[in-house]
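Read the structure below first, then the notes.
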Amino acid sequence: MTPAEGGPRAGTGRGLFITLEGPDGAGKSTQGPLLAEYLRRGGREVVYTREPGGTPIGDRIRQILLDERHGEMAAVTEMLLFAASRAQFVREVVEPALARGAAVLSERYVDASLAYQGFGRGLEVDLVRRVNDAATGGRLPDLTLLLDIEPSAGLARVRAARGKEGAPGRGDRLEQEALAFHERVRAGFLQLARESPKRFAVLDAQGDVAAVHERVVRVVAERLAAQNVTGKPAG
Numbered sequence: 001m002t003p004a005e006g007g008p009r010a011g012t013g014r015g016l017f018i019t020l021e022g023p024d025g026a027g028k029s030t031q032g033p034l035l036a037e038y039l040r041r042g043g044r045e046v047v048y049t050r051e052p053g054g055t056p057i058g059d060r061i062r063q064i065l066l067d068e069r070h071g072e073m074a075a076v077t078e079m080l081l082f083a084a085s086r087a088q089f090v091r092e093v094v095e096p097a098l099a100r101g102a103a104v105l106s107e108r109y110v111d112a113s114l115a116y117q118g119f120g121r122g123l124e125v126d127l128v129r130r131v132n133d134a135a136t137g138g139r140l141p142d143l144t145l146l147l148d149i150e151p152s153a154g155l156a157r158v159r160a161a162r163g164k165e166g167a168p169g170r171g172d173r174l175e176q177e178a179l180a181f182h183e184r185v186r187a188g189f190l191q192l193a194r195e196s197p198k199r200f201a202v203l204d205a206q207g208d209v210a211a212v213h214e215r216v217v218r219v220v221a222e223r224l225a226a227q228n229v230t231g232k233p234a235g
């Protein structure tokens, strides 16, 4: 049986927190549901969600953050809004799910703020880290899957997807940023992965959906077999 054919068995009842990160267009919203189904086949309860959002309060904040009419938003405002959404998300979604032994799978989390507001916007990375540490109570994922793609290729994917869906406009406020911004974001993600190699797995997001899914589940199966996953805050 290949990793993609059957998920890891749910055994200890401990919670599991996995995040999907990467530049815009890396395929998080495609690979996330596939990974969730893989985990469910192993008998796990899976809570699949995204950031910003995941709660009624977070969804309201998401509307503000991504609205292209808010182009004047200051970088520090952006950081604090993401952190506010995340604080509610951890308390309302993540902690209760982990406490009952579920797997939480989230598109984006703290590393996104470090990459986008820190490396992308130029805010002090340590400041972004401290704010988010306060917002989350120090809760870090057990595993972060970084879907890596050249920003130009990722943004081309975004444009193509919007065209197929008949979506109006040029994308959300962050997608409209210059290519140089997205290149800084990608470099930031890769630096974060180098700094935390035990938590991160960097995966090539190029290729067809099935090929990338195979890479994802192989890494998940290997990491879960090798790690003593507790779902506890890093400390």
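In our numbering, the protein residues as written are 1 to 235. Where is the CB? At the ideal position from N, CA and C, for every residue including glycine. As the structure is a computational prediction, the values presented were derived from the model and not from experiment.
For residue 181, the enclosing alpha helix (DSSP H) covers residues 179-195. Taking 7 Å as the cut-off, the Cβ atoms of residue 65 and residue 52 count as close.
Closest by C-alpha distance to residue 82, out of 93, 60, 23, 94, is 60. Residue 193 and residue 119 do not touch by the CB rule: their CB atoms are close to 12 Å apart, not below 8 Å.
The alpha carbon of residue 49 has as its nearest neighbour, out of 27, 100, 105, the alpha carbon of 105.
Around residue 90, the same chain offers 136, 139 as residues with beta carbons nearer than 6 Å, after the five sequence neighbours per side are excluded. The beta carbon of residue 75 is closer than 8 Å to those of 117, 121, 122, 123 in its chain, skipping five residues each way along the sequence.
Residue pairing by DSSP places residue 48 opposite 105 in a beta bridge. Taking 7 Å as the cut-off, the beta carbon of residue 25 is found no closer than this to the beta carbon of residue 131.
With fewer than 16 other beta carbons inside 10 angstroms of its own, residue 197 counts as exposed.
Across the set 44, 218, 112, the C-alpha of 44 shows the shortest separation from the C-alpha of residue 102. Rounded to the nearest angstrom, the Cβ distance from residue 203 to residue 148 is 7 Å, consistent with a contact under 8 Å. Within 10 angstroms of the beta-carbon of residue 154 lie 16 or more other beta-carbons, which makes it buried. A residue is called buried when at least 16 other Cβ atoms come within 10 angstroms of its Cβ; residue 127 does not meet this threshold and is exposed.
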